[in-house]
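Trainee: Below you'll find the structure I mean.
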Amino acid sequence: EAQVTQNPRYLITVTGKKLTVTCSQNMNHEYMSWYRQDPGLGLRQIYYSMNVEVTDKGDVPEGYKVSRKEKRNFPLILESPSPNQTSLYFCASSPIGYTENTEAFFGQGTRLTVV
Amino acid sequence: DQQVKQNSPSLSVQEGRISILNCDYTNSMFDYFLWYKKYPAEGPTFLISISSIKDKNEDGRFTVFLNKSAKHLSLHIVPSQPGDSAVYFCAASSGGTSYGKLTFGQGTILTVHP
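First to last, the protein sequences are chains C and Y. All letters in the first sequence, in the order written, are residues 554 to 668 by my numbering. All letters in the second sequence, in the order written, are residues 6 to 119 by my numbering.
Encoded structure:
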């Protein structure tokens with residue numbers, strides 16, 4: 554079964570305490586990305602990766618880091634979380650480029666609260 | 006700069022009737038469009054897509070229409086069912102260095118009443 558798995562599902566942390574949200578996909582996709590969903594703003598891309606060791610900034614990268622050491626894994630790192638990073642986060646994977654009926658697969662989401 | 010806009014935050018329809026969700030975009034480089042459905046506490050799931058070389062794509066109860074000149078797409082659900090109640094996002098993709106990236110609208114909450 555095609556799957557994107559992210560953990561944890563829920564996380565409450567304090568300002569400044571480093572955290573990592575893991576993401577793994579089983580579809581051998583080259584392209585992986587992280588999005589955050591905020592009310593009234595839809596999903597916005599944080600970082601993306603087109604292949605192993607190839608990562609780049611999305612639309613809202615400030616305060617985040619990523620790494621892509623293996624094709625299947627794409628962790629999101631918040632080195633010093635702040636309250637404005639309280640949000641719902643989604644990891645996604647897809648082939649590079651979209652053709653008819655191609656889709657991006659999303660994980661179930663991580664609800665992060667920074668106090 | 007919101008390149009993909011869903012101007013209706015919510016839509017309420019009666020079971021059995023048609024639901025029409027709208028989406029506008031500004032970037033003429035977008036060449037592939039997708040609709041996702043999202044239930045609470047779940048990730049977005051793919052519903053239907055359309056390439057810019059087409060103006061209509063149909064899959065069962067779901068039809069997406071694309072009007073390139075107006076930079077407008079719509080999702081029609083006929084007949085609507087209570088299980089269709091969810092948040093619907095439209096998303097767009099372009100080629101070049103943005104390969105793989107999806108730009109999303111704000112979402113529309115659809116409520117289908119029995």
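The C-beta atom is built at its ideal place from N, Cα and C for all residues, glycine as well.
Helix, strand or coil for C:Gln559 per DSSP?
Mentor: strand
Trainee: Taking 8 angstroms as the threshold (C-beta atoms), are C:Met580 and C:Phe658 in contact?
Mentor: yes
Trainee: Which residues in chain Y have a C-beta closer than 7 angstroms to the C-beta of C:Ala657? List them in chain order.
Mentor: Leu107
Trainee: Taking the continuous beta strand (DSSP E) assigned at C:Gly595, which residues delimit it?
Mentor: Gly595 to Asn604
Trainee: Alpha carbon to alpha carbon, how far is C:Tyr642 from C:Val613? Give it in angstroms, no decimals.
Mentor: Rounded to whole angstroms, C:Val613 to C:Tyr642 spans 12 angstroms at the Cα level.
Trainee: Using the beta-carbon of each residue, which ones in chain C are nearer than 8 angstroms to Y:Glu123?
Mentor: Here chain Y comprises residues numbered 6 to 119, so residue 123 of chain Y is not present and cannot be evaluated.
Trainee: Does the segment 622-636 of chain C come into contact with the segment 63-74 of chain Y, if we say contact requires no fewer than three beta-carbon pairs (one atom in each stretch) closer than 8 angstroms?
Mentor: no
Trainee: Comparing the C-beta of Y:Leu39 with each C-beta of chain C, is any distance below 8 angstroms?
Mentor: yes
Trainee: Go ahead and label Y:Ser24 buried or exposed: buried means 16 or more other beta carbons lie within 10 angstroms of its beta carbon, across all protein chains shown.
Mentor: buried
Trainee: Would you say C:Val667 and C:Thr639 are within 8 angstroms of each other, going by their C-beta atoms?
Mentor: The answer is yes: Cβ separation under 8 angstroms.
Trainee: Could you check what DSSP says for C:Gln590 in three-state terms: helix, strand or coil?
Mentor: In this structure, C:Gln590 counts as strand in the three-state DSSP scheme.
Trainee: Using a Cβ cut-off of 7 angstroms, which residues of the segment 636-649 of chain C contact any Cβ in chain Y, in chain order?
Mentor: Answer in chain order: Phe643, Ser647 and Ile649.
Trainee: Return the residue from the list C:Ala555, C:Gly593, C:Met585 and C:Lys571 that minimises the CA-CA distance to C:Ile649.
Mentor: C:Met585
Trainee: Would C:Tyr584 count as contacting chain Y if we go by Cβ distances under 8 angstroms?
Mentor: yes
Trainee: Should Y:Gln111 be flagged as near chain C, meaning a C-beta pair shorter than 8 angstroms?
Mentor: yes
Trainee: When DSSP labels each residue in this structure, what does C:Asn672 get in the three-state scheme?
Mentor: No information on residue 672 of chain C is available, as it lies outside the stretch 554 to 668 that chain C covers here.
Trainee: With DSSP run on the structure shown, which of helix, strand or coil describes Y:Asp89?
Mentor: In the three-state DSSP reduction, Y:Asp89 falls in the helix class (H, G or I).
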